[in-house]
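The next block holds one structure in the form of structure tokens; read it before the comments.
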Amino acid sequence: MTVTGPTPDVVDVVALGESMVTFLPSTPGRLADVSSFERGIGGAESNLACVTAAAGHSTRWVSRVGADPFGDHLVEAIGGYGVDTSAVRRDPHRPTGIYFRTAGDRATDAHEVAYYRTGSAASAMSVDTMDRAALRAGRILHLSGITAALSEDCRELLRELTAPHPGRPLVSFDVNYRFRLWTAAREDSTDSGRDGSAVSGSSRRDGSGVLLELARGADIVFVGLDEAEEAWGVTGGPDRIRELLPEPDVVVVKDGGKGATAFVRGDDRPQGTRDGHQPSGIREGAQPSGIRGDDRPSGIRGDHRPPVTFVPAPQVTVTAAVGAGDAFAAGFLSATLRGLSVRDRLRHGHLMAAAALTVPGDLAVPPARDRADRLVALDDEAWGRLRLGPGWTHAADRAEEEVRTP
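Residue numbers for the sequence shown follow the numbering used here, beginning at 457 and rising by one.
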């Protein structure tokens, strides 16, 4: 299938990365015992693109898929969420990636996943094969560490996109550390940072150095407390992660069901350019759809915002812990584009994550924007009583149904 139609000059969010056809078991049990599966789609960046589109933003997904039926399905399914797929390239020589997983939580030993993505069309993404104009034509360019693990060409593409240069869009980077994927990549050389210093330890095999380099080149970084420890050996809490990542304007540290902490650079830094590109971020109080005359998001000013903000997550009855991190990032970026406060960005992230956690697949219908805004506006006590379970995004539009007394 070939997707036709004009490519918008500027969209709110551009997301680059591999999406795969996902096969979910129709019954519980080991993969060896399951006889039938239901087809879905999965991919960190395309998940984010779908959620931000459902939240009302113009969104583009950029990738490569095979010239095969699975590639057709991905393009059609992701486009069905309102995502612009005109910059997706078809590869006649490489297949679309697929994977199978059990219905259990990925964090448990009982969970199984079988990937068939080696040599996939997406692994051939490179500086030469991708439309860089389409990638740079977003208010936000969202990237993920998963892409960096696919191939050396993919790593070079991400290095080029996170390198400082005039007119670079706001770059969002989700670390998304996957040890098994990096081990399969079998890197042969020591990863080095932009300053030329080699990263010690096992980074030659696990990609930790590459991920640190890319995160330091981004403007907004999302990272889990657990994955920061696994990838970089960082312990001691969110403050230690911010110390490791002093360069990004915004660092969001997620701590599972406990909550998330956002570090936002304030006016203690000189305004102007940083490493060759303009200061990035969205101003407090910016109009939801307004962008500056140079078609780039305006710089973070931070005059009246605290530099560190923690927001607890609401209590959620979890159906499956897949896609929640992507949904959280989508909610945070959506609120960033709307110029909302840091607290409200984190709360929108939690609500989008809660939508994903209460469905079996990677993608969920998010709450309507006006409803999400009402929940986000709850006082701290009411927010702390929020309880969300399966079907909550489809329930009657009354916030008090989820806010229960102790």
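Here a beta-carbon is modelled for each residue, glycine too, at the ideal position from N, C-alpha and C.
Problem - Where H567 falls: helix, strand or coil (DSSP) - result: coil
Handout entry: Option in A523, D682 and P770 with minimal Cα separation from K714
Key = P770
Exercise for the section: Output yes or no for whether 7 Å exceeds the beta carbon distance between M476 and G553. Expected result: yes
Practice task
Indicate whether V709 and P694 have their beta-carbon atoms separated by less than 7 Å.
Solution key: yes
Practice task
Closer than 6 Å by C-beta to D540: which residues in its own chain qualify, once you throw out the five before and the five after it? Chain order, please.
Solution key: R516
Handout entry: Nearest-angstrom Cα separation, counted from Y571 out to I497
Key = 13 Å
Practice task
Label D584 either buried or exposed according to how many other C-beta atoms from any shown protein chain fall within 10 Å of its C-beta, with 16 as the threshold for buried.
Solution key: exposed
Problem - L844, buried or exposed, once every other Cβ within 10 Å from all chains shown has been counted against 16 - result: buried
Exercise for the section: Under 6 Å Cβ to Cβ from A786, same chain only, skipping five residues before and after it: list those, please. Expected result: L504, V507, T508 and M808
Problem - For S664, the first and last residue of its enclosing alpha helix (DSSP H) - result: S664 to G673
Problem - Option nearest W848 by Cα separation, candidates D675, A820, R573 and V764 - result: A820
Handout entry: the region 677–686 contacting the region 695–704, beta-carbon criterion three pairs below 8 Å
Key = yes
Handout entry: Euclidean distance between Cα positions of P768 and L487
Key = 36 Å
Practice task
Starting from R696, trace the alpha helix (DSSP H) both ways and give me its first and last residue.
Solution key: P694 to L700
Exercise for the section: Go ahead and label H549 buried or exposed: buried means 16 or more other beta carbons lie within 10 angstroms of its beta carbon, across all protein chains shown. Expected result: exposed
Practice task
May I have the straight-line CA-CA distance separating L667 from D528, to the nearest angstrom?
Solution key: 31 Å
Practice task
Take the Cβ of E474 as the centre, count every other Cβ of all protein chains shown within 10 Å, and call the residue buried at 16 or more, exposed below.
Solution key: buried
Practice task
In the DSSP assignment, find the unbroken alpha helix (DSSP H) run with V583 in it and report its ends.
Solution key: Per DSSP, V583 belongs to no alpha helix (DSSP H) and is neither H nor E.
Exercise for the section: Use the C-beta contact count for E501: other C-beta atoms within 10 angstroms, 16 or more gives buried, fewer gives exposed. Expected result: buried
Exercise for the section: Under 8 Å Cβ to Cβ from F493, same chain only, skipping five residues before and after it: list those, please. Expected result: F479, L480, P481, S482 and F556
Problem - Whole-angstrom distance between G840 and P499, CA atom to CA atom - result: Here residue 499 is Gly; the residue named in the question, Pro, does not match the sequence. Computed Cα separation, rounded: 31 Å.
Problem - Exposure label - R520; buried when at least 16 CB within 10 Å - result: buried
Handout entry: Proximity below 7 Å, CB of A791 to CB of D800
Key = yes
Handout entry: N-terminal and C-terminal residue of the beta strand (DSSP E) that L480 is part of
Key = M476 to P481
Exercise for the section: Flag this pair as yes or no: are the beta carbons of I596 and L789 separated by less than 7 Å? Expected result: yes
Practice task
List the endpoints of the continuous beta strand (DSSP E) containing G496.
Solution key: F493 to G498
Handout entry: Distance between V772 and G746 (C-alpha atoms, nearest Å)
Key = Confidence at G746 is low in this model, with a pLDDT of 29, below 50, so the placement of that residue should be treated as unreliable; the coordinate-derived value is given next. Cα to Cα, the separation comes out at about 34 Å.
Problem - Endpoints, the beta strand (DSSP E) within which D468 is located - result: V467 to L472
Practice task
Please classify T849: does DSSP put it in a helix, a strand, or coil?
Solution key: helix
Exercise for the section: From the DSSP output, read off the bridge partner residues of R557. Expected result: V569
Problem - Exposure of A604, with buried meaning 16 or more beta-carbon neighbours within 10 Å - result: buried
Exercise for the section: Given a cut-off of 7 Å, decide if T618 and A543 are closer than it, judged by their beta-carbon atoms. Expected result: no
Exercise for the section: Assign T574 to one of three DSSP states: helix, strand, or coil. Expected result: coil
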